[in-house]
Structures are given as C-alpha cells and as structure tokens.
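Engineer: One point on numbering: in my numbering, the residue at position 281 of the sequence shown is 281, and numbering is uninterrupted. No residue lacks a Cβ here, since even glycine has one placed at the ideal position from N, Cα and C. This is the structure I have questions about; it appears just below.
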Amino acid sequence: MRAKAVAPWVRTRLKAAPMPSVALALLVLVTAFLAAVFPRAVDTYETQGLRTQLIEAGADRNGIEVDVATGSAYEGAFAQQVDPRVIREALPGILEELKHPLTPDRSEVSYGAQTNRPKKARDAWLPRPEGKEPEFVISTQAGVDRHARVVEGRLPQGEGGTATSEQAEAAVTVATAKALKIKLGAVIHFPVEGRAPVGVKVTGFVEPLNPQGSYWSFDPTLRTPSIALSPPAPTPAKYWRAGLLLAPESSTFLVTLDPNPHLYWRIPLALDSLDSADLPGIEEGVASLENGPALSRLSDVTGSSAISVSTELDSLLAQFSTAREAISPVVSVAVFGIGAVALVVLLMTGALTAARRTGEITLLRARGGSVRGITGRICAETAVVALPAAALGWWLATLVRPEGRLVPSVVGAALVALIAVTALPVRAVVGHLRLRAHGGREDLVDARPSPRRTIAELTALVLAVGAVVALRRRGSEDADGLVSAAPVMVALIAALLLVRLYPLPIRIAGRPLMRRRGAIGFLSLARAGRTSAAQALPLLALLVALTTAAFGGSVIAGIADARDEAALQAVGADVRVNAQPNKSLPKELAGRLRALDGIREVSPVYLDANMRMPDGGKEITLIAVDPESYARLSARTGLGTFSPGELKAPGSGALPALATPKAAERLGRGENALRTPAGDFTAKVTGVRETTPASFGADFLLIDASRLPDADDSALFATGSGYDPAKLREAVATAGDSIAFEQRTEERAAMADSPLQSGAETVYGFAVAAGAGYAVLAVLLSLLQSAPERTALVARLRTMGLGKGQARRLLVLEALPQALLAAVGGALVAVAAMELLAPGLELGQIALAAQADVFGDVQLRMDPWSLLVPAGGVVLLAVSVALVQAWWTARQTSLTELRAGDSR
C-alpha cells in the first residue's frame, strides 16, 4: 500500500505566510540592488572623470605623436628620407603597436612631413602687426581631401616636385586666408640659404569638416592662425603664425625650406573606449612607447633610430590618479557605512523571524526533527525567495548603471543573497542544538552576556580603536578597509555598550514609578524591560544607520560650505566687475548696477596690484575704498570685518590703514610715505586683517579713497540675491566689451563641474539616503515584530477597564525607551565619530578639486541638521507607529485576541 503523499515543505510555508516572504524578497531586492549598483556607480563616475579630463586636455596632450628626425646637426636630410611612400607605408605598422587600451582613433590619424621650425615669409603684402614678419608652419599632412571641403580653388598637387624645385603648391584654411589677407593664386616667398628664395603658391581655400577633431587640433596652427609674441630681444613684438598645407607628394620640397624636416604620425586615442580600470594598462603602454620595447619595434617599422614618441598621457593620468586617490577613501567611508547597515538589517530580519518561529522549531525538534533537516528546509524556503530577488536586484543595477565592472557587482549581489539565505536558518537552529523542556527568560534586563560574547565585543573594541588611531595618524589619503570602516566600528562599539547599559536606565526609571498610583508608566517600562534580547539587533542597526547618516550628511554639508566659502573668497561678493589692467570703469556703471532688481548695494574700489613698498621688497596690493559701503560689504561677506571709523580718513595727517600680517610687519608701527598712480599719501597701519573682499591670497593695504585725487573705480563689488544674470550682463556690456565680471554662483558651480566630484557626491548622497531608509526599516521591523503581542495585551487590559487614551499612552511609552536610546545614542556616537575622525579626513579634492591647494585644507565639520533630523525622525516614527497601532486596536473587536490558549 502506497504511503500518503506529504505536502512539500516550501510550498506549504509560502502559502501559510506569504507576506513575510514578500517582505523578505523586497528587502533582498533593494539590498542586492544597492550592493550591485554602488561599485558600478563608482566605476561610472571614475570613467567619466577620466574621459572628461583627457578630452578637456586637448588632442595635442591626450594623443600620441611618433616623430622621426632627418639629417643631423652637421648634414641635411636626403630626399629619400622624406619619401611620401615611406611615410605612408609606415603607418599600419605604427598603428599595430597601439594595442588596447591604447586603441587609436583611425578616422582622425594624421601623418606627413613638416618643417622643423616655422619659416619667415618676407612678402611685404602680408600683415605685420608690429613690423615683424609672419611665420608659417609648412606641412605635407595627408588626408586633407577627407577632412576638409574645398571652398575655392583646388587642392595642391605635388607630382614632379623635388628638393631643387623653386615653387610648390599649397592650400590654406579660410580662417588663415582671412587673417593674413591671402588671395587665391598668391605666392608666398621664403628665403633659402645659399640660393634664391622659393615660393609657395596658394591654389585653394579649405574649410575643416570637423575643426575640433584631432586631425586639425593636434597642431592647431594648420587650422587657425594666431598672434605670437617674440622673445624680448631687445623688445617683444607681436606677429602672425599660420600654416601651409602642401600636397603629400611635395615632401621632398621641404628639404629646400628646412635642411632637417621631421616626419610625424599623430595618433589620437579612442577615448570613448577607455575606462578607469584601464589605468594600469595605459600607464604600461605609454612607458613602453616612450622608452621601452614598443619604441624599439617602432624604430624597426620606420627604419630610423632617430625616433621619439611624445605624449602627455602619463602626466594627465598622474593628475587623475592623485584626485581619485584623494576622493576614494572619503567615498569608501560611506560605502562601508551603508554596507554595515545593510548587513545588520539583514541579520536583524533573520533574528526577528527566528524569534517569531521559535515555537514552531521547538515543536519540530520535540517531534524528532534533526538540526540538519530543519536547517535545510528553512534554507530552501528562504532561497526560493531570496535568490530570485537578488538576481532581479543585480539586473536592475545593470540597467541603471550600464557601465562598470561586472565582477564586483555580481559579488555584491551574491553576498546579499548568501546572507539572506543563511541568516534565518543559522539563527533559528542555534538555540535548538540541545533539546530543552522549556526556555528561560530572554529579556534584555534579565539577560547575562556569555563569555564568548564578551570576547567578541572586546575584539571589536580593539579593532575600532586601531581603525580610529590609524585614520587620525595616516589621514584618509592612505586609507585601507579597516580605516574606512572606522565610523562603523565606533558605532558598533557604542551599540554594544548601550545594549549592556540598557537595563540600568530602565531599572532607575522604574523604581519611582512603582510607588505611584497609576499603572501605565510602570507597566510600559516593565514591558520595555521585558523586550526580547533579539531586539538588540534593531538597536545596533539604528545606531549604525544614524551614525552613517549624520556622518555622511556632515560630509555633504562640509563640501557645500567649503565651496561657498571658496567662491566667496575668490569673488569677494555676489558680483564683481573688473576693469582692464591700468584702466578704470565708467563712473555711471555703479549706478546702473544699483538700479537692477535684486542688487542691494554696490561698493566701488580702487586697486593697484603693484604698489611699491618702502623696503624695496615684493610689491603689494593697494585697496582704496569708501569706508561706509566697504564696511557693510565686509560685514555681509564676513571677510575682514571692520567698522567704518577704523578706516575713515582724518582731516589731516596719516591715513589709518588695515593690512595683512606680513604687510603690517614690513610697514612697521610708524607712518610711511607711499606713491601710487592715483596720488601720493602717508599711511599708518592701525589694524591687521587676514583677508578682505577685494583681495584673496595676496598682501594688501586698505585705506580710505577720499585722500587719493585720481582714485577711479577699478572694480565694483555688489551684493544681492534674485537678480537677473541676463540684465546684469547687459548692464556691464553697455560699459564696454573689455569689462569682465564674475558671479559667486558661477564660481561655485565651476568648483563642482568634474564628474569625479559630482559622482562622489552623488554616491555619498545615496549612501546617506539609504542609511536613513534602513533606519526607518529597522524601526518598523522591530515594532511590527512585537505588534501582535502588544495588540493582545491592549485587548486584555481593555477588558479590565483600560481606556483608549490610556492604551495610547501605554504603547507610546513602551516604544519610547528604545527609540530614545537609539536617537540619543546615535547623535552622541555621530558627534564622537566626527570629533575622532575629522583630523584625518581631508575633503579638499572632493570639494574643490584642482583648487584645493589654493584654498587650503577642508576638514569635516559637524552639521546640526544632519545630526538632529535623523535622530528626531526615529523617535517620531516610533511614536507614530505606536499611535497608529493604538488607533487600529481601538477599532477592532477583542474576541479574536482573547482566544483561549492563544500563546500571545
């Protein structure tokens, strides 16, 4: 006779309790998504930062140029050395040596021969700005027909040209023809030593198809002429520098113009294919090309030992690596924090679920269930839910961040799945390894820590102290995993300490309540004290989450404050209008700015950046101002605040002056006679200021402008908000095209335009938000776990006369102790963590990037809002959940809750 089939365990469990399974799936989905998206997000912003830095550097710096010198110092080049066929046939072999990640952009490759130095043209009809002849870079760059369109005339031809030819053909760009007034058919003559001048006939004007492409940007002189400045011998002079494009077949003609022309192959890289993980490969490839095996192979390809490879990739990569190494440790603190919070919440979920199923597992053990069998069944039912959720979370992460390495994201999602699958069965069966008739009390007040727990806590304490000491000594620049986990370790130790101390305040507060007439206060504390020891994990999760949120919020606030302060120091006000050197602003411009909506006040300033000092040393900046308006400007900006009376000029005698410490030391305490283009004066230093709105980073002397007869306005400093930038620009433009102005908002935005900075800030912001979300989840899980028990208690007490208001107070007071403990503890731990770690955490690179050296170090500072808002939110959430539960319980009948034999 066949045995009756038994319902499958997993299907039965999922049908019996679908909501906990759905909740676990959502938790694993979100956590796996975060674990997978964080490394991909870091890779994405680092890759974008690398590409942006290389693109902004320009083709002449991010590309690779292979150069072959011809001839020697004692002998000119032979015609065979500049054979166009040899130049063309060497290109495939050169490109073959550039392997991934140095992938060439073949569509923008340029090659040819070029004069070693620009050649002077003696034709009188060519423009000469200051009487100096123009110079031309003469090149036989191939591919002009593919990279430009002929606007007028035709492309040059070079068949039959030799080193003895007297004339060759060339094309110029439209911009060159316009600037140097070159007409079609014109012949430009160049002197040649030992023979008559040779000519280059312009046969066509061309327009680049992609002017910003590497083909035209590697040597921009071939595309756009420029004004150059000759060395000061005896006096500097401006002159034109432009380019002539000969036919590739005219390479031998270059020997006539220059005895030692050079051959070149200019190879841009496919920057879109680079990512941050390629940095080691790029550095190795560049080193090999510049002075390694690849250079030897290129010598064989070109058939010349006079070969060199030049690029600035190595210096650009070094700059990027420096910035990344400064930013990565700061970001790793946030990543470690959110990772720790997620781990604790996953473990907490398993512990709370295990506590809820204690009776079920006890019954299974009593009926002969083995530990291995029970563990396998619980693992199976958890895996059915967790594994698909983790896979879905990883897939969503790849959709949100398509770029980035695959392995770290897969490992992150897999670890989340592993923890989710094993946390519940391990925690559920660890208390049932031995059969027991009944279990003892597991209250936090009554529980006694085991020796193993004490050893584990002491180990964690040692690790936390070591991490904090290492971060303070070494700083964030040399941070490793242990140092980056320092804030989490501090929160962990504080949580363990608070769990141990939790019974003490409960006992202290309970004693006076025992003597009071009412039962609500004592009963609520008694209930709080009888909280299961499993509730220690929610407390740990809350402390770590609150510390992470407060720490991360303070980092973000510190970055914003540093940029605000740096932008204010750089501009000196909300708007600064500057005259050209040695010129003054129109007198009516200040009135136009004052008339704009949103501009509160305009302060005119006279500046002399080169005022000579009596000691004959380094010149300083003279700042002559109206004391009243400039004092208000200083007060609003907080830069070198002073009262108008400190600077106001007396009727006679020396002018009172404010100076920087170094300038004051050089001027001494007595009176000093000083001379400026605005007038002579006598000043005496009466005060010292480190900074002032009109000067940043330079020594200055600040005086009243009323005693300088020729002190016209050199700059205007305006304060205000809500003004229209377009109207401001229009008002400044009416005073002249050469007048420039700066806005504090634009200066601040320029400090955060790097993808490396913005990406790191975004990751930090999401880490803070995720930490806050996990804190909310920890509170909800903790309260919802014990919700049935509290509901049953209220129902039973209502049969004894408990009112609705008393029920609300009971539930609120029961939830408050742990919420208050977590909120106050989290705030205190966050303050302690910031005080301990702030000296070793440098935010300069992430806040100010390349300008960090100019404005100095940026240290972490506590942000009150980041500290108080999360802590207050935890308390408010706990009270809200208790009130909602009390309201819901009051609307329900008590019959269900008063069933006989109900274990609740």
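1) For A673, count the other beta carbons within 10 Å of its own beta carbon; 16 or more makes it buried, fewer makes it exposed. Which is it?
2) Shortest alpha-carbon distance to W395 belongs to which of S880, L29 and V779?
3) Need the endpoints of the beta strand (DSSP E) that L229 sits in, please.
4) Counting only the same chain and skipping the five closest in sequence on each side, list residues whose C-beta sits under 7 angstroms from that of A494.
5) Give me the residue from A397, L387, P870 and E360 with the minimum Cα distance to A428.
6) Can you tell me the Cα-Cα spacing of A16 and E381, whole angstroms?
7) Flag this pair as yes or no: are the beta carbons of A683 and A663 separated by less than 7 angstroms?
8) Measure the alpha-carbon distance for A822 versus A750 and round it to whole angstroms.
9) Would you say G393 and F33 are within 7 angstroms of each other, going by their C-beta atoms?
10) As an exercise, report each continuous beta strand (DSSP E) stretch of at least 3 residues that is fully enclosed by the segment 114–161, in chain order.
11) Under 8 angstroms by Cβ, that's how I've got P261 and A113 pegged, so tell me the actual separation to the nearest angstrom.
12) Over the uninterrupted beta strand (DSSP E) stretch that includes M611, give me the two end residues.
13) Using a threshold of 7 angstroms, state whether the C-beta atoms of A878 and A819 are closer than that.
14) If you compare alpha carbons, which of I138, R146 and V144 is closest to A168?
15) Tell me which residues share the same chain as R861 and place their Cβ nearer than 6 angstroms to its Cβ, disregarding the 5 neighbours each side in the sequence.
16) Contact check, S905 vs V625 under 8 angstroms by CB: the rounded distance?
17) With H, G and I counted as helix, E and B as strand and the rest as coil, what does DSSP make of Y111?
18) Can you tell me where the alpha helix (DSSP H) holding K238 begins and where it ends?
19) Quick check on the DSSP output: the alpha helix (DSSP H) that includes T47 runs from which residue to which?
20) So is W240 buried or exposed if we call it buried at 16+ other beta carbons inside 10 Å?
21) Kindly indicate which three-state DSSP category P677 falls into: helix, strand or coil?
22) Among R632, V490, S584 and Q580, whose alpha-carbon lies nearest the alpha-carbon of L836?
23) Would you mind working out which of A566, P581 and T349 sits nearest D712, comparing C-alpha positions?
24) Leaving out five residues on either side along the sequence, give the residues of the same chain with a beta carbon under 7 angstroms from the beta carbon of E159.
25) Compare the beta carbon distance of L424 and T353 with 7 angstroms and say whether it is the shorter of the two.
26) Do T44 and E325 count as a contact pair if the criterion is CB distance below 7 angstroms?
27) Below 8 angstroms, can you find three or more Cβ-Cβ pairs linking the segment 296–306 to the segment 314–333?
28) Tell me where the alpha helix (DSSP H) around R372 begins and ends.
29) Using a Cβ-Cβ cutoff of less than 8 angstroms, which residues in the same chain neighbour W865 once the five nearest sequence positions on both sides are dropped?
30) Would L246 pass as a contact of P129 if the rule is Cβ separation under 7 angstroms?
31) Could you tell me which whole beta strand (DSSP E) segments of length 3 or greater appear in the segment 539–610?
32) Using beta-carbon positions only, say whether D574 and R744 come within less than 7 angstroms of one another.
33) Less than 8 angstroms between the CB atoms is what I'm expecting for E152 and G204, so what's the real figure, rounded?
34) Does the pairing of the segment 58–68 with the segment 365–372 give three or more beta-carbon distances under 8 angstroms?
35) Within the continuous beta strand (DSSP E) that includes K201, where are the two ends?
36) If you check the beta carbons only, do T637 and P693 fall under 7 angstroms apart?
Structural biologist: Walking through what the data contain:
1) Flag for A673 reads exposed.
2) When only C-alpha atoms are compared, the closest one is L29.
3) Counting along the chain, the beta strand (DSSP E) containing L229 begins and ends at S226 to L229.
4) Only L543, G825 and V829 meet the Cβ criterion.
5) Checking every option, the nearest Cα to that of A428 belongs to E360.
6) Computed Cα separation, rounded: 12 angstroms.
7) No.
8) Cα-Cα distance, rounded: 40 angstroms.
9) Yes, the pair counts as a contact, with Cβ atoms nearer than the cut-off.
10) Entirely contained in the segment 114–161, the beta strand (DSSP E) runs reaching 3 residues are, in chain order, 135–139 and 148–153.
11) Going by Cβ atoms, the distance from P261 to A113 rounds to 5 angstroms, so yes, they are a contact pair.
12) M611 -> beta strand (DSSP E) spans I599 to M611.
13) The Cβ-Cβ distance between A878 and A819 falls below 7 angstroms.
14) Selected option, being the one with the closest Cα: I138.
15) Non-local C-beta neighbours of R861 in its own chain, meaning closer than 6 angstroms and more than five positions away in sequence, comprise G558, ordered along the chain.
16) Nothing can be reported for residue 905, as the shown portion of the chain is limited to 1 through 904.
17) In this structure, Y111 counts as strand in the three-state DSSP scheme.
18) Element bounds for K238: not the alpha helix (DSSP H) but the beta strand (DSSP E), K238 to L246.
19) Counting along the chain, the alpha helix (DSSP H) containing T47 begins and ends at P18 to A57.
20) Answer is buried; the Cβ neighbour count reaches 16.
21) In this structure, DSSP gives P677 a state outside helix and strand, which the three-state scheme calls coil.
22) Comparing Cα positions, the closest option is V490.
23) Ranked by how close their Cα comes to the Cα of D712, the residues A566, P581 and T349 have P581 in first place.
24) Counting only Cβ-Cβ distances below 7 angstroms, and skipping sequence neighbours, we find E249.
25) Contact: yes.
26) In this structure, T44 does not lie closer than 7 angstroms to E325 by Cβ.
27) Below 8 angstroms, too few C-beta pairs join the segment 296–306 and the segment 314–333 to call them touching: fewer than three.
28) Start and end: V371 to V400.
29) In its chain, beyond the 5 residues on either side, G553 and A557 have a beta carbon closer than 8 angstroms to the beta carbon of W865.
30) Cβ atoms of L246 and P129: not closer than 7 angstroms.
31) Segments of the beta strand (DSSP E) lying fully in the segment 539–610: 575–578.
32) For D574 and R744, yes; Cβs fall inside 7 angstroms.
33) Sure, about 7 angstroms apart at Cβ, within 8 angstroms.
34) Because the criterion of three Cβ pairs below 8 angstroms is not met, the segment 58–68 and the segment 365–372 do not touch.
35) First-last of the beta strand (DSSP E) with K201: R195 to P208.
36) Going by C-beta atoms, T637 is nearer than 7 angstroms to P693.
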